[in-house]
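Protein chains in written order, with the working numbering: chain A, 913 to 1151; chain B, 913 to 1151.
All C-beta atoms, glycine included, are put in the ideal place defined by N, C-alpha and C.
2 protein chains.
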Amino acid sequence: MLNYSTSEENYIKAIFHLQGEATTVTTNGLAHELSTKPASVTDMMKKLKTKKLLHYRPYRGFHLSQEGKKVALGIIRRHRLWEYFLSEKLQFTWDEVHEVAEQLEHVSSKKLIDKLDEFLGFPRFDPHGDPIPDRHGRILSSRQICITELSLNKTAIVCNVSDQSSEILELLKHKNINIGTKLEVKKKFDFDNSMEISAASRGKIRQPQLFTISEQLAKNIFVTSTLTPLRVEEGKKNI
Amino acid sequence: MLNYSTSEENYIKAIFHLQGEATTVTTNGLAHELSTKPASVTDMMKKLKTKKLLHYRPYRGFHLSQEGKKVALGIIRRHRLWEYFLSEKLQFTWDEVHEVAEQLEHVSSKKLIDKLDEFLGFPRFDPHGDPIPDRHGRILSSRQICITELSLNKTAIVCNVSDQSSEILELLKHKNINIGTKLEVKKKFDFDNSMEISAASRGKIRQPQLFTISEQLAKNIFVTSTLTPLRVEEGKKNI
DNA sequence: AAATATTTTTAGACAAAACTAAAAGATTGT
DNA sequence: ACAATCTTTTAGTTTTGTCTAAAAATATTT
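Structure representation (structure tokens):
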């Protein structure tokens, strides 16, 4: 696996994030995502095309090649492992990890990352609940669903919080809800779409707590059902 | 504390390593240390001068300012903490840590480093035995080591000669080695444990001389590594 | 389908950090 | 002291990644 510059890596990562299933990404879209100018994007796309990391036809948009996806998954793996490290070992809060991981992810040493992975105990989700690709680029695709769609009394585990504002984090901290918290929806109120849930923080032996949360908050909490087995997707093709 | 580019940081670190007591560093010396060309050094020196990180007069060499030393100690702190982490937590061997730490040291986040320090239990020496500056840039004075234990190409300053017989002094005088002489071990010969060293007397601008010394003589010469600042107070003043 | 608007690309410039070749300054030997 | 030598600096290029302004291609509106 070759090495790429910090700038190249940032472009690759951004394309990966923007391109869903088989969508092509646009110049303007990418420029906006990276807070840069369309002309700079075009320049970089030409460069990445010669490196065979993406398919690109002028004026027609672009999307990552197999190789490009493999590279992207490598970067995402590094990013998320560092986020996990910062959060779990250095006690960084959710909103602090991203910025630092953004720098650490560009340190290129396969051995460093594989050893870090081992040191952390091969975690499968980062502090935001996003899955961490393994050393072969395989990634678990947990079926994330919003708790507004979770059926009553079905146990699930918090794996993602979409809005990462400090306000929501403060609220979740107060209610003792984290990534990994096990919860069940006990009751839904049609009047205001608020819901009563019971939750038990990871590791805590304490009795699950019962409380009510607003629709606004509920919409931001995503879980994986503990009953559905995790599915491996996309990355596995490229082993 | 401002942020500096990776390149600027590498120059600052290299100057710190080359400059012992109050020695001025030369353009050629620094170019050699960094495997770059003298012209590139001059360019960077002009830049670092405008940033007030060093004192520089064209054709007369340069040395770090107080601020420059503070920056250097920050970089060395990051480097050594990462080396300790890699060695202690990720089971890297001593010869593997340097290259990776060389990259990690440029990640600029004060909080990251202070938290890492805490996580590691505030270690005071890196895996090579070099002292780690604390968060204020304070550093334990380096121990005296015998040149038989000095690693190759590491600049050090003669600080002690254990046997004070007239015979040894005559020999040292002839070879122009004094307390304060800057030297490096260039080669060690396993056959008779003799070693080739290069030495430059304090104050002399002349080219360092290369010569071979016996094991018997080597055992009597003690040095302090210039990797650690000889004046601890430097860092302290600026808290 | 023509006119207008939007998106994308090209062309040319700039900053950082490196290099080569040539000029300028310092050092050394006789 | 002065010529020869070595060191350092200057001047002019190169590469990477960015930008602005203008041109070209595509999309939209009437």
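Residue i burial status per 10 Å Cβ neighbour count (16 or more: buried)
i	result
A:W1006	buried
A:P970	exposed
A:K990	Sequence check: residue 990 of chain A is Arg here, not Lys. Result: buried.
B:G1049	buried
B:T935	buried
A:F974	buried
A:L1016	buried
A:G932	exposed
A:H1086	exposed
B:K964	exposed
A:R1143	Any answer about A:R1143 is weak, because its pLDDT of 36 lies below 50 and its placement is not dependable; what the coordinates show is given next. That one is exposed.
B:E1145	Because B:E1145 sits at a pLDDT of 33, beneath the cut-off of 50, its placement in the model cannot be relied upon, and the following sentence gives the value as read from the coordinates. Flag for B:E1145 reads exposed.
A:N1132	buried
A:E1122	Looking at the sequence provided, one finds Leu at residue 1122 of chain A rather than Glu. A:L1122 comes out exposed.
A:K1066	exposed
A:L1062	buried
B:S1074	exposed
A:S999	buried
A:R992	buried
Residue i: first and last residue of the uninterrupted beta strand (DSSP E) it sits in
i	result
B:S1110	1107-1112
B:L967	A quick correction: the sequence has His, not Leu, at residue 967 of chain B. First-last of the beta strand (DSSP E) with B:H967: 966-968.
A:I1125	1121-1125
Cβ distance (whole Å) where residue i is taken to contact residue j below 8 Å
i	j	result
A:D1056	A:F1134	For clarity, residue 1056 of chain A is Gln in the given sequence; the question names Asp instead. Between A:F1134 and A:Q1056 the Cβ distance is about 5 Å, and since that is below 8 Å, they are a contact.
A:L985	A:I927	Contact flag wrong, Cβ pair sits at about 12 Å.
A:F997	A:L1032	6 Å
A:N915	A:S1020	5 Å
B:V1012	B:I924	Not really, about 20 Å apart at Cβ, beyond 8 Å.
A:K959	A:Y968	Incorrect: roughly 10 Å between the Cβ atoms, too far for contact.
B:P1035	B:I988	Their Cβ separation, rounded to whole angstroms, is 14 Å, which puts B:P1035 and B:I988 out of contact at 8 Å.
Extent of the continuous alpha helix (DSSP H) to which residue i belongs
i	result
A:T954	950-962
A:E1096	Taken as a continuous stretch (DSSP letters only), A:E1096 belongs to no alpha helix (DSSP H), being part of the beta strand (DSSP E) at 1094-1100.
A:L976	From DSSP, A:L976 is part of no alpha helix (DSSP H) but of the beta strand (DSSP E) over 974-976.
B:T939	939-945
A:S917	Unbroken run through A:S917: none, as it is neither H nor E.
A:S1078	1078-1087
Any non-hydrogen atom of the ligand ATP closer than 7 Å to residue i Cβ
i	result
B:E1108	The ligand ATP is absent from the structure shown, which contains no ligand whatsoever.
Could you tell me whether the region 1017-1033 of chain A touches the region 1002-1016 of chain B, where touching means 3 or more Cβ pairs closer than 8 Å?
-> yes
Give a yes or no on contact between the region 1056-1072 of chain A and the region 1086-1095 of chain A, applying the rule of three or more CB pairs nearer than 8 Å.
-> Enough Cβ pairs lie closer than 8 Å, so yes.
Give, in chain order, every unbroken run of the beta strand (DSSP E) that is at least 3 residues long and sits entirely within the region 1048-1072 of chain A.
-> Taking only runs of at least 3 residues, the beta strand (DSSP E) segments lying wholly in the region 1048-1072 of chain A are 1051-1053.
Any 3 or more C-beta pairs closer than 8 Å across the region 939-958 of chain A and the region 1005-1019 of chain A = no
Taking the runs of the alpha helix (DSSP H) that are 4 residues or longer, which of them lie wholly in the region 994-1057 of chain B?
-> If we require 4 residues or more, the alpha helix (DSSP H) runs fully inside the region 994-1057 of chain B come out as 1006-1016, 1022-1032.
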